[in-house]
Structure formats: C-alpha cells, structure tokens
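Participant: Line order of the protein sequences matches chains A and B. In terms of my numbering, the first sequence has 45 at position 45, counting the first letter as 1, and numbering is strictly consecutive. So my numbering is basically just the index in the second sequence, starting at one, shifted up by 1000. Mind looking over this structure? Questions follow.
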Amino acid sequence: QKEVEQDPGPLSVPEGAIVSLNCTYSNSAFQYFMWYRQYSRKGPELLMYTYSSGNKEDGRFTAQVDKSSKYISLFIRDSQPSDSATYLCAMSPRRQGGSEKLVFGKGTKLTVNP
Amino acid sequence: DGGITQSPKYLFRKEGQNVTLSCEQNLNHDAMYWYRQDPGQGLRLIYYSQIVNDFQKGDIAEGYSVSREKKESFPLTVTSAQKNPTAFYLCATRPGTGRYEQYFGPGTRLTVT
C-alpha cells in the first residue's frame, strides 16, 4: 500500500462548480498537510498548509483533514478556468531535529471549462 | 525580490556529458531539496541538505551529485551514470527546523539525446 494515494483524474468541471480533490494516506504519524497547485511546466505553488485535523479556509479554497479516516480534501468554490492545473497533496510526520521530508501524492489534473 | 531561481529554464545535452543545474535562494531558508518529476510518476526526491556542507541522499540519488558550500546555493550535477536523465528538475527550500512546508523554484527541463 502506498503511503499517499491520490486519484490522477483527469477531472473536468464547468466554470462555477465546486471542486473536491482528495488524498488518502496510510501513515497515522502524518500531522502536517499541504496542497500545492502546479501549472503546466511550472514549479508547484503552496496553496494551503494545515496541521492536524479540522478545516482551514482561504478565499475560495478550503482544506479539510480527517485524521480518523486518514483522508484530506481540498475544496474549490466558484471554480474558474484559471484554476485549471494539477493539484498535489503532501504530508509529513512531526520530526524532532531530524530530516523533514514531504511525501507527495502523484497529483490530480483539473480542467475548469468556461 | 525574494525567491528561488533555477537556471537555465531549458537545457539540452548529449548523452555521456555531465551537466550542472543551478538553484539559488534568497529566502534565508535552511534546507534545500532536489526533485525529479516525470509524467505519471509524481515528485521523486534526489538529494536534500539541511545545513551548509551537509547533504543526504534521497530516494533516487544514483547518477546525481550535489554540493552545499553556501546557504544560498545547492547545485545538482547530473552525471553520465544517470540512465534516464531527461526530466523536469525542481529545487525546493524549507524555512528551518519545525517548519514542514516547502517552496519550489520554477524548474529546469533537461533533455538528453
């Protein structure tokens, strides 16, 4: 079983739709969760960063973590064509002065159609 | 203007040649990372460095080498021993101990023929 699973899509939605992107994970030690957005041929951009369980909102984006189910989600409200990109989830356990490395999902490709 | 720069954006080399990819940051971040991205494979960690003059192998270090002589710089050399060097290479930084998020540069697309 892979540490982090992410449906690669592709996911295609009409403009204005609510988008739900998800990752599941197997390592119960993960405590820090991130979502990155990557446009074609560009570097990933950090979108959301959450710690432990709960919700975090930033504009049209909401990140949700459910540690009991080992499941994280990114919701995009009122999706726009400019949201068309690949979305990567990433996570890390807490480390004490050790090597902080991220485990990434493989990404979900999203297209928002005008 | 703070950020991470990678140069060049596109790089072409003949098989058998070593090539060095540049990564520079002025964010004063402690840790730096190199990833390789191939279609359908996600991000794979090549090398990382937490402090100057120290670095560790990642998951796919074979055929690559790095140095960290300055905090701001973490160049990656792709050697002729790397069997499939054509890929998109990404450099990332992390602020320091207790911070887990990473920030990425714009990437270098390496094509070896």
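Cβ coordinates follow ideal geometry from the N, Cα and C atoms, glycine included.
Using only CA atoms, which one of A:Glu100, A:Asp78, A:Asp7 lies nearest to A:Gly16?
Facilitator: Of the candidates A:Glu100, A:Asp78, A:Asp7, the one whose C-alpha sits nearest the C-alpha of A:Gly16 is A:Asp78.
Participant: Residues bridged to A:Phe33 by DSSP?
Facilitator: A:Thr50, A:Met91, per the DSSP bridge assignment.
Participant: If you reduce the DSSP assignment to three classes, tell me which class B:Asp1054 lands in.
Facilitator: Looking at B:Asp1054 - three-state DSSP - the assignment turns out to be strand.
Participant: Once you ignore the five residues that flank A:Leu21 on each side, which residues in its own chain have a CB closer than 6 angstroms to its CB?
Facilitator: If we look at A:Leu21 and ignore the five residues flanking it on each side, its Cβ neighbours are Leu74, Tyr87, Thr108.
Participant: Hey, could you find the ends of the beta strand (DSSP E) B:Asp972 is sitting in?
Facilitator: Here chain B has residues from 1001 to 1113 only, and residue 972 of chain B is not among them.
Participant: On the criterion of 16 or more Cβ atoms from any shown chain inside 10 Å, does B:Asp1059 qualify as buried, or is it exposed?
Facilitator: So B:Asp1059 ends up on the exposed side.
Participant: Using C-beta distances below 6 angstroms, list every residue in its chain close to B:Glu1024, excluding the 5 sequence neighbours before and after it, in chain order.
Facilitator: Same-chain partners within the cutoff: Thr1005, Glu1072, Ser1073.
Participant: Who are the near neighbours of A:Phe30 in its chain, counting only those whose CB is closer than 6 angstroms to its CB and skipping five residues on each side?
Facilitator: Here the set comprises Met91, Pro93.
Participant: Let's see if you can read the secondary structure: which residues bound the beta strand (DSSP E) around A:Asn22?
Facilitator: Run containing A:Asn22: 19-25, per the beta strand (DSSP E) assignment.
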